[in-house]
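Asker:
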Amino acid sequence: MNRVRCLVLNAALGPLDYKVPDGMRVELGQVVECPLGPRTVVGIVWEAERLPGTDVPAEKLRNLRGLYPIPPLPAPLRRLIEWTADYYVASLASVARMALSSGGALKGPASITEYRLSGGMPERLTPQRQAAMEALEGEQATIRELAGIAGVSEGVLRGLVNQGVLEPVEVDCDRPYDEARPDFAQIELSDQQREAAGIFSEAVRAEKFAPFLLDGVTGSGKTETYFEPVAEALRMGRQVLVLLPEIALTENFLHRFEERFGTAPVLWHSSLKSTERRRAWRSVSSGEAQVVVGARSALFLPFANLGLIVVDEAHETSFKQEDGVRYNARDVAVMRAHFEQFPIILASATPALESLQMAESGIYAKVELPSRFGGAQLPGIDIVDLTEEKPPQGMWLAQRVVDGIAERLERGEQSLLFLNRRGYAPLTLCRHCGFRFQCPNCTAWLVEHRFTRRLACHHCGHATPSPAACPECGEPDCLVACGPGVERIADEVAERLPEARVFVATSDTLNSPGRAAEFIAAVEAKEIDVIVGTQLVTKGFHFPELTLVGVVDADLGLEGGDLRAGERTYQQVAQVAGRAGRGSKPGEVLIQTRHPEANVIAALAAGDRDAFYSAETEMRRDAGAPPFGRWASIIVSSEDETEAREAARRIGDTRPDVPDCMILGPAPAPMSLLRGRYRYRLLMNARRSVQLQDVIRQWLGRLDHPPGVRVAVDVDPYSFV
1 MNRVRCLVLN
11 AALGPLDYKV
21 PDGMRVELGQ
31 VVECPLGPRT
41 VVGIVWEAER
51 LPGTDVPAEK
61 LRNLRGLYPI
71 PPLPAPLRRL
81 IEWTADYYVA
91 SLASVARMAL
101 SSGGALKGPA
111 SITEYRLSGG
121 MPERLTPQRQ
131 AAMEALEGEQ
141 ATIRELAGIA
151 GVSEGVLRGL
161 VNQGVLEPVE
171 VDCDRPYDEA
181 RPDFAQIELS
191 DQQREAAGIF
201 SEAVRAEKFA
211 PFLLDGVTGS
221 GKTETYFEPV
231 AEALRMGRQV
241 LVLLPEIALT
251 ENFLHRFEER
261 FGTAPVLWHS
271 SLKSTERRRA
281 WRSVSSGEAQ
291 VVVGARSALF
301 LPFANLGLIV
311 VDEAHETSFK
321 QEDGVRYNAR
331 DVAVMRAHFE
341 QFPIILASAT
351 PALESLQMAE
361 SGIYAKVELP
371 SRFGGAQLPG
381 IDIVDLTEEK
391 PPQGMWLAQR
401 VVDGIAERLE
411 RGEQSLLFLN
421 RRGYAPLTLC
431 RHCGFRFQCP
441 NCTAWLVEHR
451 FTRRLACHHC
461 GHATPSPAAC
471 PECGEPDCLV
481 ACGPGVERIA
491 DEVAERLPEA
501 RVFVATSDTL
511 NSPGRAAEFI
521 AAVEAKEIDV
531 IVGTQLVTKG
541 FHFPELTLVG
551 VVDADLGLEG
561 GDLRAGERTY
571 QQVAQVAGRA
581 GRGSKPGEVL
591 IQTRHPEANV
601 IAALAAGDRD
611 AFYSAETEMR
621 RDAGAPPFGR
631 WASIIVSSED
641 ETEAREAARR
651 IGDTRPDVPD
661 CMILGPAPAP
671 MSLLRGRYRY
681 RLLMNARRSV
691 QLQDVIRQWL
701 GRLDHPPGVR
711 VAVDVDPYSF
721 V
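Count the sequence shown with the UniProt record's numbering and you get residues 1 to 721, in order.
1) Look at the Cβ atom of L166, then the Cβ atom of R129, and state whether they are nearer than 8 angstroms.
2) I'd like the list of long-range same chain contacts for R258, defined as Cβ closer than 7 angstroms, with 5 residues on each side in sequence excluded.
3) Tell me whether residue 727 sits in a helix, a strand or coil according to DSSP, three-state version.
4) Assuming P379 contacts A75 under a Cβ cut-off of 8 angstroms, what Cβ separation, rounded to an integer in Å, is found between them?
5) Between E27, V715, E448, N162, which lies nearest to P465 when the distance is taken from Cα to Cα?
6) What three-state label does DSSP hand W631 in the structure shown?
7) CA-CA distance, L664 and G624?
8) Whose C-alpha, out of L61, W83, A58, Y18, is nearest the C-alpha of Q693?
9) Is the region 9-18 touching the region 45-60 in the sense that three or more CB pairs, one from each, lie closer than 8 angstroms?
10) Would V31 pass as a contact of N2 if the rule is Cβ separation under 8 angstroms?
11) Under the three-state reduction of DSSP, which class applies to K222: helix, strand or coil?
12) Tell me the DSSP secondary structure of Y678 in three-state form.
13) Going by DSSP, which residues form a beta bridge with G216?
14) Could you tell me whether the region 571-587 touches the region 546-555, using the rule of 3 or more Cβ pairs below 8 angstroms?
15) Leaving out five residues on either side along the sequence, give the residues of the same chain with a beta carbon under 7 angstroms from the beta carbon of P476.
16) Please report the residue range of the beta strand (DSSP E) in which P35 lies.
17) What are the start and end residues of the alpha helix (DSSP H) that includes F519?
18) May I ask you to list the residues that DSSP assigns as paired with E588?
19) So, are the CB atoms of G155 and G120 less than 8 angstroms apart?
20) Using three-state DSSP, classify P320 as helix, strand or coil.
21) Among the residues of its own chain, which have a CB less than 6 angstroms from the CB of A11, if the five just before and after it don't count?
22) With a 10 Å radius around its C-beta and 16 neighbouring C-beta atoms as the bar for buried, classify D312 as buried or exposed.
23) Using the rule of at least 16 other Cβ atoms within 10 Å of the residue's Cβ for burial, across every protein chain shown, is M662 buried or exposed?
24) Please list the terminal residues of the continuous beta strand (DSSP E) segment that includes Y18.
25) Since T593 and D403 should fall inside the 8 angstroms C-beta cutoff, what is the C-beta to C-beta distance between them, to a whole number of angstroms?
26) Is the separation between the beta-carbon of V266 and that of S283 shorter than 8 angstroms?
27) May I ask you to report which of helix, strand or coil DSSP gives D714?
28) Using a Cβ distance threshold of 8 angstroms, determine whether the region 181-196 contacts the region 328-339, with at least three qualifying pairs required.
29) Between S220, L301, R79, which has its C-alpha nearest I70's C-alpha?
30) Which residues in the same chain as A210 place their Cβ atom closer than 6 angstroms to its Cβ, once the five residues preceding and following it in sequence are excluded?
31) Would you report the Cα separation of V325 and E137, rounded to the nearest angstrom?
32) Decide yes or no for the touch test of the region 276-293 against the region 239-251: beta carbon pairs closer than 8 angstroms, at least 3 of them.
33) Might you give, ordered along the chain, the residues of its own chain that have their beta carbon closer than 7 angstroms to the beta carbon of residue 723, omitting 5 neighbours on each side?
34) Quick one, which of A644, R296, R175, V89 has its alpha-carbon nearest L674's?
35) Please list, in chain order, all residues of the same chain as A398 whose beta carbon is under 7 angstroms from its beta carbon, the five residues on each side excluded.
36) Where does F435 fall in DSSP's three states?
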């Protein structure tokens, strides 16, 4: 071909046509260097008939400047990009950029200089140098990355390089990964596991689209079950993708994977160094990477020969991207399996209602693991009614929960307290004048973090040191912490049970795979008696000596009127309850609540998941909510409140009149100020027969807005803030 149409990675530009110079061979999907004015931009050669554009006379076309030395993006991946952009009302360029998520990977083979401690000492050991050397023990990375790890300037590290304290190491960016061996170890499976694994392995061999819902109770061995189809894919020379919802879960998974396959899988998540991302991306695109384990962004990697996707903890809301392209990785993963014709396994102990409905209708094949592995029993669940069993004044734990922890301490067993609220207290106020600490960038209170002596916003990251006096009235020693966070619960445990060794497990303390590994090792070595954690500890961890789970505030998730509040609360509490009694010792779960009559709490106490989901299904059906109806939200934002309000009003005034589609708003969003931007929201509710995306595109496509206004569309929203 001597003329190509390119998708350039700039959402503001449409498709552009270019001339192919003599001697250059270009394929569809090829990533190319495109001239744009004086600049060179990245483009992807696309089918002209699928990418409408303006036909430009051949004599006016500019030559492509070159080809990037990587394989072309395969046709099924291009179809996935198109589908995602269409379904989530996003630009093709924004979605395609996720497939080319490592800029360094686009370059050819290369080596890079990294640095590590040599064992030498500097001529003058300043406190800053000593702190940097301690932080860099066991680390190897570029100077910029090491500076970020050590929290010092690059200049400090270059001084250590000059004195030989840091030594250079030449690293091949594309060195191969160790090979996973499908028959490295044979794991004993129960009859239920063996039957399920056989179904999945047969589907891998068939090389056809087959969506499965693996519905297994906590502790039933879902991971070991889906390892068998992973092994089958490896025997066939196919690649595998396993999606996990949290980076903190990675270390636990890696350990189990390495025991089964003899080596670690290829990792993909936001904490990777740039050289690691480049190496992983190029290995995936060449077909050398056998098994990739990663967060939701791994879904758009350009696999050369993908043969299986597993979405673990598939109910998790963190699979939904909340900014940029607002896609749900669980649903897009199913579509990728469809386009590339291979099986996909959605694994969960508490599946999303949408997934259960797909299984009910026969679209997904449901495979169940109804009992725990090895004869372990599900824990007994008791309700602690806080209206009758009130904690002592100024405390948050009922005496029954504290007594339960004390019993475990005597027996050398471990306990877990769950509260999905980071920090020490969600609100700090002045008892003298009533001043409340609010984020200057968001409609949110600042959360006190007593461990780090700061007040922080969990939405934008704004932080300020905790003051000694009220900034409003100047009164000293008058600040009061209102409500509990996990740090406050940990302090209470330490006060009431001084002999207990307590660890707070949140995204603040387990913010890297390394820290997560240290935490797991400490629990397994029985160096921790009581874990106090957020939703991070509700899934994936297997601690045989953990026999008591206490849910501090089961009502917390039911606040706010969220469409999925009941389902989410059930999932979180059921998942954290599943951490108890996973070994040979029986487990117990104590759920603190002020509303024991609530449907969610009653279903948890009775262990009747089916009754809860049945009631939730009928409620959704009556409301026309997913999976029986469609939701979409339109979020209008600007740094100027008047500008945001007027833009939202113009959108509302031009709303289309569509049968079976209700449009509410505009109204200020519940989080009306977020990261310095004022926000208004419109909410659409439509029957499934309505072509919702077409309605939105035609509606919003007619309107122009000031440069400072952003209009974001969220199809199938999970967050209503």
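Heads up, the beta-carbon is just placed ideally off N, CA and C, and yes, glycines get one too. None of these values were measured; they are calculated from a predicted model.
Answerer: In this structure, then:
1) The count along the sequence shown starts at 1 and reaches residue 166 at position 166. The count along the sequence shown starts at 1 and reaches residue 129 at position 129. No, Cβ-Cβ distance for L166 and R129 is not below 8 angstroms.
2) Numbered from its first residue, the sequence shown carries residue 258 at position 258. Just to set this straight, residue 258 is Glu in the shown sequence, not Arg. The beta carbon of E258 sits closer than 7 angstroms to those of A264, all from its chain and outside the five residues before and after it, given in chain order.
3) Limits of the chain in this structure are 1 at one end and 721 at the other, which puts residue 727 out of reach.
4) The sequence position of residue 379 within the sequence shown is 379, counting from 1. The sequence position of residue 75 within the sequence shown is 75, counting from 1. Going by Cβ atoms, the distance from P379 to A75 rounds to 49 angstroms, so no, they are not a contact pair.
5) As a position in the sequence shown, residue 465 is number 465, starting the count at 1. Of the candidates E27, V715, E448, N162, E448 places its Cα closest to the Cα of P465.
6) One-based indexing of the sequence shown puts residue 631 at position 631. Strand at W631.
7) The count along the sequence shown starts at 1 and reaches residue 664 at position 664. The count along the sequence shown starts at 1 and reaches residue 624 at position 624. Computed Cα separation, rounded: 14 angstroms.
8) Position 693 of the sequence shown holds residue 693. The shortest C-alpha separation from Q693 is found at W83.
9) They touch, by the three-pair rule.
10) Taking the sequence shown and counting its residues from 1, the one referred to as residue 31 is at position 31. Taking the sequence shown and counting its residues from 1, the one referred to as residue 2 is at position 2. Not a contact, by the Cβ cut-off of 8 angstroms.
11) Walking along the sequence shown from the start, residue 222 turns up at place 222. If DSSP states are grouped into helix, strand and coil, K222 belongs with the helices.
12) Taking the first residue of the sequence shown as position 1, residue 678 is located at position 678. Under the three-state reduction of DSSP output, Y678 falls in the strand class.
13) Locating residue 216 in the sequence shown gives position 216, where the first residue counts as 1. According to DSSP, G216 bridges with L369.
14) Here the region 571-587 makes contact with the region 546-555; the two share three or more CB pairs at distances below 8 angstroms.
15) Within the sequence shown, residue 476 is the residue found at index 476, counting from 1. Correct list, in chain order: A468, A469.
16) As a first step, residue 35 is located in the sequence shown; it is residue number 35 there, counting from the start. DSSP places P35 in the uninterrupted beta strand (DSSP E) bounded by 31-36.
17) Taking the first residue of the sequence shown as 1, we reach residue 519 at position 519. From DSSP, the alpha helix (DSSP H) with F519 extends over 513-524.
18) Position 588 of the sequence shown, counted from the start, is the residue given in the question as residue 588. Looking at the DSSP assignment, E588 forms a beta bridge with G380, L548.
19) Residue 155 sits at position 155 when you count from the first residue of the sequence shown. Residue 120 sits at position 120 when you count from the first residue of the sequence shown. The answer is no: Cβ separation not under 8 angstroms.
20) As a first step, residue 320 must be located in the sequence shown, where it is residue number 320. Per the sequence presented here, residue 320 reads as Lys, with Pro not at that position. Residue state for K320 is assigned as strand, using DSSP reduced to three classes.
21) Here residue 11 refers to the residue found at position 11 of the sequence shown. When the five nearest sequence neighbours on each side are left out, the beta carbons in the same chain lying within less than 6 angstroms of the beta carbon of A11 are those of S91, A93, S94, in order along the chain.
22) Working through the sequence shown from its first residue, we reach residue 312 at position 312. By the beta-carbon neighbour count (other beta carbons within 10 angstroms, threshold 16), D312 is buried.
23) As a working mapping, residue 662 is identified with position 662 in the sequence shown. Answer is exposed; the Cβ neighbour count stays below 16.
24) For the purposes of this step, residue 18 is taken as the residue at position 18 of the sequence shown. Its beta strand (DSSP E) spans residues 16-19.
25) If you number the sequence shown from 1, residue 593 lands on position 593. If you number the sequence shown from 1, residue 403 lands on position 403. The pair is not a contact, with the Cβ atoms about 18 angstroms apart (cut-off 8 angstroms).
26) In the sequence shown, the residue the question calls residue 266 occupies position 266. In the sequence shown, the residue the question calls residue 283 occupies position 283. Yes, the pair counts as a contact, with Cβ atoms nearer than the cut-off.
27) If you number the sequence shown from 1, residue 714 lands on position 714. The answer is strand: DSSP assigns D714 an E or B state.
28) With a cut-off of 8 angstroms, the region 328-339 and the region 181-196 do not count as touching, because too few Cβ pairs lie within range.
29) Numbered from 1 along the sequence shown, position 70 holds the residue referred to as residue 70. Comparing Cα positions, the closest option is L301.
30) Your numbering for residue 210 matches position 210 in the sequence shown. Cβ-Cβ distances below 6 angstroms link A210 to A203, P343 in the same chain, with the five nearest sequence neighbours on each side left out; the list follows chain order.
31) Taking the sequence shown and counting its residues from 1, one reaches residue 325 at position 325. Taking the sequence shown and counting its residues from 1, one reaches residue 137 at position 137. Roughly 38 angstroms between the two C-alpha positions.
32) Result yes; three or more Cβ-Cβ pairs closer than 8 angstroms.
33) As shown, the chain starts at 1 and ends at 721. That puts residue 723 outside it, with no answer to give.
34) Within the sequence shown, the letter at position 674 stands for residue 674. Of the candidates A644, R296, R175, V89, the one whose C-alpha sits nearest the C-alpha of L674 is A644.
35) Locating residue 398 in the sequence shown gives position 398, where the first residue counts as 1. Excluding sequence positions up to five before and after A398, its CB lies within less than 7 angstroms of the CB of V384, L386, E389, P391, Q592, all in the same chain and listed in chain order.
36) The residue given as residue 435 occupies position 435 in the sequence shown. Under the three-state reduction of DSSP output, F435 falls in the coil class, being neither helix nor strand.
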